[in-house]
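Line by line, the protein sequences give chains A and B. Under the numbering used here, the first sequence has 42 at position 42, and the numbering climbs by one with no breaks. The numbering used here runs 121 ahead of the 1-based position in the second sequence.
2 protein chains.
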Amino acid sequence: MIRGTKTVLDLLAAKWSVDVVYLLANGTRRYSEVFYEVGEISKKTLTQTLRSLERDGVIARRVYAEVPARVEYSLTPLGWSLTAPLMAMYEWATDHGHDLEAARLLHEGEAPAPAQLAAAA
Amino acid sequence: MIRGTKTVLDLLAAKWSVDVVYLLANGTRRYSEVFYEVGEISKKTLTQTLRSLERDGVIARRVYAEVPARVEYSLTPLGWSLTAPLMAMYEWATDHGHDLEAARLLHEGEAPAPAQLAAAA
DNA sequence: CTGTATCCAGTAGGATACTG
DNA sequence: CAGTATCCTACTGGATACAG
């Protein structure tokens, strides 16, 4: 159970993996389009994310022998299958996001989450 | 969509969060029991994980005024609700884990995943 | 356009020792 | 027993410059 669950988590835990998968779920994109549409990502990190997802068979990379270079990325069937757990997460957030907010407000200033430790220090 | 999905991911992405949630899904545990049953975790990290999950309302912490100290952790209703997306992930791994393995074998040595970069170097 | 190379900083998490 | 305190390493990811 834990092992399988972590498999999916490892796949999606990289900071930008989810953004890329969602973006490609809206259709094939070229490198520069992903770069622009994702937003704040650096080229190095984008390439890493893309390579990782490609290696895992989640996205497909197609290179066109043109000048200037042109590379398109798209979701594979395996990538599409990921939308199932992704939707489950989104639904959880929709159903329980408010409870989460409430809990955080309740414990305000008691035990800061990791991301806020730095800000507090 | 992305924001909601990431909310859940942030909750579970910490290295040991899933282990703790699964463990507590099997029943209330004291600190030392979690420490022992989870396995390789350090006390510092366990405490951080526990505090973070508590702050987010996923687990409840109950302190008994005894000597020696005794603290028990359990899942809250919100924590239990997390088992839904967790199950979706597990099911994905069950259904598609083989495809994932196949993809990794196929791309063997081409673009190593982050986790294997170190091993390869 | 699509990357790669290099340098750098922040952070998660481990090891160990100590405390109420 | 249930943590805290301190120190330390590794890895992720950003910035910038360069290349095919």
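Glycine included, each C-beta is placed from N, C-alpha and C at the ideal position.
- Per DSSP, residue 123 of chain B is one residue of the alpha helix (DSSP H) stretching across 123-134.
- With a threshold of 8 angstroms between beta carbons, residue 73 of chain A makes no contact with chain B.
- DSSP places residue 159 of chain B inside the alpha helix (DSSP H), whose first and last residues are 152-159.
- Residues of the same chain with a CB within less than 8 angstroms of the CB of residue 38 of chain A, apart from the 5 flanking positions on each side, are 16, 19, 20, 23 and 46 in chain order.
- Among the CB atoms of chain B, one or more fall inside 8 angstroms of the CB of residue 2 of chain A.
- Of all residues in the region 200-214 of chain B, those with a C-beta nearer than 9 angstroms to a C-beta of chain A are 202, 203, 205, 206, 207, 208, 209, 210, 211, 212, 213 and 214, reading in chain order.
- Neighbourhood of residue 139 of chain B in chain A, by CB distance below 8 angstroms: 2, 5, 6 and 9, in chain order.
- Here residue 27 of chain A is exposed, its C-beta having fewer than 16 other C-beta atoms within 10 Å.
- Judged by DSSP secondary structure, residue 21 of chain A falls within the alpha helix (DSSP H) whose first and last residues are 17-25.
- The Cβ atoms of residue 93 of chain A and residue 129 of chain B sit closer than 8 angstroms to each other.
- The three-state secondary structure of residue 212 of chain B, taken from DSSP, is helix.
- Going by beta carbons, residue 212 of chain B and residue 151 of chain B fall outside the 8 angstroms limit.
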